[in-house]
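The structure appears right after this line, and notes come after that.
There are 2 protein chains.
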Amino acid sequence: MTQAQLKKSSRIQQRNRSLILDAALEVFSQHGYRGTTLDQIAERAGLSKPNILYYFEGKEEIHVTLLNQLMETWLDPLVTLDPEGDPLSEILNYVQRKLDMAHELPRQSRLFAGEILQGAPRMGPHLEAGLKPLFDEKCALIQIWMDAGHLRPVDPRHLIFSIWATTQHYADFASQVDVLLQGEPQPQQGAEDYLVTLFTRLLKP
Amino acid sequence: MTQAQLKKSSRIQQRNRSLILDAALEVFSQHGYRGTTLDQIAERAGLSKPNILYYFEGKEEIHVTLLNQLMETWLDPLVTLDPEGDPLSEILNYVQRKLDMAHELPRQSRLFAGEILQGAPRMGPHLEAGLKPLFDEKCALIQIWMDAGHLRPVDPRHLIFSIWATTQHYADFASQVDVLLQGEPQPQQGAEDYLVTLFTRLLKP
DNA sequence: TCGTGGCTTTACCAAATGGTAAAATTTACC
DNA sequence: GGTAAATTTTACCATTTGGTAAAGCCACGA
Numbered sequence: 000m001t002q003a004q005l006k007k008s009s010r011i012q013q014r015n016r017s018l019i020l021d022a023a024l025e026v027f028s029q030h031g032y033r034g035t036t037l038d039q040i041a042e043r044a045g046l047s048k049p050n051i052l053y054y055f056e057g058k059e060e061i062h063v064t065l066l067n068q069l070m071e072t073w074l075d076p077l078v079t080l081d082p083e084g085d086p087l088s089e090i091l092n093y094v095q096r097k098l099d100m101a102h103e104l105p106r107q108s109r110l111f112a113g114e115i116l117q118g119a120p121r122m123g124p125h126l127e128a129g130l131k132p133l134f135d136e137k138c139a140l141i142q143i144w145m146d147a148g149h150l151r152p153v154d155p156r157h158l159i160f161s162i163w164a165t166t167q168h169y170a171d172f173a174s175q176v177d178v179l180l181q182g183e184p185q186p187q188q189g190a191e192d193y194l195v196t197l198f199t200r201l202l203k204p
Numbered sequence: 000m001t002q003a004q005l006k007k008s009s010r011i012q013q014r015n016r017s018l019i020l021d022a023a024l025e026v027f028s029q030h031g032y033r034g035t036t037l038d039q040i041a042e043r044a045g046l047s048k049p050n051i052l053y054y055f056e057g058k059e060e061i062h063v064t065l066l067n068q069l070m071e072t073w074l075d076p077l078v079t080l081d082p083e084g085d086p087l088s089e090i091l092n093y094v095q096r097k098l099d100m101a102h103e104l105p106r107q108s109r110l111f112a113g114e115i116l117q118g119a120p121r122m123g124p125h126l127e128a129g130l131k132p133l134f135d136e137k138c139a140l141i142q143i144w145m146d147a148g149h150l151r152p153v154d155p156r157h158l159i160f161s162i163w164a165t166t167q168h169y170a171d172f173a174s175q176v177d178v179l180l181q182g183e184p185q186p187q188q189g190a191e192d193y194l195v196t197l198f199t200r201l202l203k204p
């Protein structure tokens with residue numbers, strides 16, 4: 000245990016841990032925490048169940064590990080909102096990056112959504128500690144931009160919520176979107192253009 | 000069985016079925032399909048597990064029943080989009096009604112979201128048959144409004160997606176929203192005002 | 001070549017879970 | 001009040017599931 004945590008661990012450990020995490024991401028994101036069995040993860044990872052429990056203490060540790068890894072990636076686009084940049088471009092760029100993530104990492108997006116849906120039982124404190132300060136900081140930044148007249152004023156918090164909601168919708172509700180968009184030529188481009196229009200009309204002074 | 004389906008059923012049947020469905024809605028919406036046990040439903044309903052299986056064939060039938068009931072309620076605000084009304088008012092009214100629903104029926108909202116998140120495994124055909132035609136019809140209506148110059152043109156499909164996404168966000172991600180909104184005494188702008196602003200600026204000619 | 005320590009498998013287990021059979025009880029109606 | 005049907009309880013069961021113990025395997029340095 001101490002070994003696995005302190006040393007950068009052997010090649011085989013790294014390989015198997017990432018094999019397990021990848022398999023787990025696939026299954027957890029599709030079936031949720033309780034809907035996922037260790038056997039499913041084991042099969043997808045090509046390892047035996049006890050072997051998986053050699054690398055992780057239990058099902059919950061795998062899930063929490065995934066969630067923690069996710070946090071970084073997830074918050075990154077918000078972190079990079081630049082106070083020095085052009086306000087509208089910064090916001091639109093943020094929308095763009097979130098939308099790209101929804102398209103490129105749908106499994107992570109669904110994992111996150113599923114966890115929040117159930118009240119973030121395995122993420123609560125981590126959420127408050129990691130997300131809240133960043134959220135407050137960026138709200139303040141946006142407020143400054145608005146006060147300076149660079150953006151039309153709206154509540155920054157709801158602005159951020161609506162960016163999250165619209166961008167993640169495409170990953171989280173993909174099955175619904177797909178059914179309803181049957182026959183559209185370039186769905187990806189459509190979403191992008193639409194969201195740029197939406198937030199430009201909202202914010203452009 | 001045939002009795003229960005054909006006759007309007009006794010008072011006691013109605014009472015117990017709705018007791019079960021209410022308990023099941025609570026638990027399913029909180030823990031998801033696989034995360035919910037018949038024992039949990041039974042306890043919350045104040046009935047024994049075998050008694051529950053007297054009224055429903057199994058866990059899945061309870062879940063499907065809930066989903067089907069939900070469909071009606073859920074689609075209703077979209078159904079009432081009126082071709083004769085003022086276009087912008089009709090859209091804003093739709094937003095308003097969806098937001099009210101998210102506030103008043105958060106359990107239903109989360110149940111629906113959870114089902115879609117997992118690829119709608121117990122809803123697939125029902126979705127396509129019930130939602131798609133209505134969706135196409137209302138997209139066409141909105142397109143007509145736009146062509147006539149009553150609304151600024153955007154892709155009607157993405158407009159509807161963004162309305163769903165933003166309004167449901169408040170119910171589905173309530174735990175996240177609550178954490179992030181902590182400590183602000185008076186929100187300068189409520190969700191309702193914000194969304195009205197958002198869609199007005201998007202659509203007003 | 002022989003240990004030694006990290007890794008993997010085999011063989012389990014206890015609890016939880018969806019579900020059933022049938023006896024016991026209540027209800028509705030005459 | 002009596003009886004047949006509807007309802008509820010008691011006592012189970014088979015399977016699934018997260019997890020463990022311990023034996024076996026394998027790579028590698030001495």
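Each protein sequence line maps, in turn, to chains A and B.
Position 20, counted from 1, in the first sequence is what numbering that gives the first Met the number 0 calls 19; the numbers after and before it change by one each time, with no gaps.
Position 174, counted from 1, in the second sequence is what numbering that gives the first Met the number 0 calls 173; the numbers after and before it change by one each time, with no gaps.
From the three backbone atoms N, C-alpha and C, an ideal C-beta is built for every residue, glycine too.
Proximity of residue i and residue j at Cβ, strictly below 8 Å
i	j	result
Gly-31 (chain B)	Gly-129 (chain A)	no
Asp-208 (chain B)	Leu-116 (chain A)	In the structure displayed, chain B extends from 0 to 204; residue 208 (chain B) sits before or after that span and is not available.
Pro-82 (chain A)	Leu-133 (chain A)	no
Tyr-53 (chain B)	Ile-162 (chain B)	no
Val-37 (chain A)	Ile-51 (chain A)	Per the sequence shown, the amino acid found at residue 37 (chain A) is Leu instead of Val. Going by C-beta atoms, Leu-37 (chain A) is nearer than 8 Å to Ile-51 (chain A).
Leu-80 (chain B)	Leu-202 (chain B)	no
Ala-164 (chain A)	Thr-165 (chain B)	yes
Ala-101 (chain B)	Ile-61 (chain B)	no
Arg-33 (chain A)	Gly-189 (chain B)	no
Glu-25 (chain B)	Arg-121 (chain B)	no
Phe-55 (chain A)	Leu-110 (chain A)	no
Residue i classed as buried or exposed, judged by whether at least 16 other C-beta atoms fall within 10 angstroms
i	result
Lys-97 (chain A)	buried
Val-78 (chain A)	exposed
Gly-113 (chain B)	buried
Pro-155 (chain A)	buried
Ala-173 (chain A)	buried
Arg-14 (chain A)	exposed
Ser-108 (chain B)	buried
Ala-119 (chain A)	buried
Gln-2 (chain B)	Any reading at Gln-2 (chain B) must be qualified, since the residue scores a pLDDT of 32, below 50, and its modelled position is unreliable; the value itself is stated next. Gln-2 (chain B) is exposed by the Cβ-count criterion.
Gln-167 (chain A)	buried
Glu-191 (chain A)	buried
Met-0 (chain A)	Only weak support exists for where Met-0 (chain A) lies, its pLDDT of 32 falling under 50; the coordinates are left without a value.
Pro-76 (chain B)	buried
8 Å Cβ cutoff, residue i in contact with chain B
i	result
Gly-113 (chain A)	yes
Asp-171 (chain A)	yes
Arg-96 (chain A)	no
Gly-57 (chain A)	no
Gln-2 (chain A)	Reliability of the predicted coordinates at Gln-2 (chain A) is poor, the pLDDT of 34 falling under 50, and the value obtained from them is presented with this limitation in mind. No, no contact with chain B.
Gly-189 (chain A)	yes
Arg-16 (chain A)	no
Thr-207 (chain A)	Because chain A spans 0 through 204 in this model, residue 207 (chain A) falls outside it and cannot be assessed.
Lys-131 (chain A)	yes
Leu-180 (chain A)	yes
Val-153 (chain A)	yes
Phe-27 (chain A)	no
Glu-80 (chain A)	For clarity, residue 80 (chain A) is Leu in the given sequence; the question names Glu instead. Taking Cβ atoms only, chain B never reaches closer than 8 Å to Leu-80 (chain A), which makes this a no.
Tyr-54 (chain A)	no
Leu-201 (chain A)	yes
Terminal residues of the alpha helix (DSSP H) in which residue i lies
i	result
Phe-27 (chain B)	10-30
Gly-34 (chain B)	Per DSSP, Gly-34 (chain B) belongs to no alpha helix (DSSP H) and is neither H nor E.
Gln-175 (chain A)	173-179
Lys-131 (chain A)	123-146
Asp-75 (chain B)	58-78
Ser-88 (chain A)	86-103
Leu-52 (chain A)	48-54
Arg-151 (chain B)	From DSSP, Arg-151 (chain B) is part of no alpha helix (DSSP H); its letter is neither H nor E.
Ala-190 (chain B)	190-202
Chain A within 8 Å of residue i, Cβ atoms only
i	result
Arg-10 (chain B)	no
Arg-43 (chain B)	no
Ala-22 (chain B)	no
Val-63 (chain B)	no
His-149 (chain B)	no
Leu-5 (chain B)	With a pLDDT of only 36 at Leu-5 (chain B), under 50, the local geometry of the prediction cannot be trusted, and no value is derived from it.
Leu-197 (chain B)	yes
Tyr-93 (chain B)	no
Ala-139 (chain B)	no
Gln-39 (chain B)	no
Glu-142 (chain B)	The question names Glu, but residue 142 (chain B) in the sequence shown is Gln. Not an interface residue.
Ser-174 (chain B)	yes
Ser-161 (chain B)	yes
Gly-84 (chain B)	no
Next on the checklist: Counting only Cβ-Cβ distances shorter than 7 Å, please list the residues of the region 101-128 of chain B near chain A, keeping chain order.
Outcome noted: Arg-109, Ala-112, Gly-113, Ile-115, Leu-116, Gln-117, Gly-118, Ala-119, Leu-126 and Glu-127
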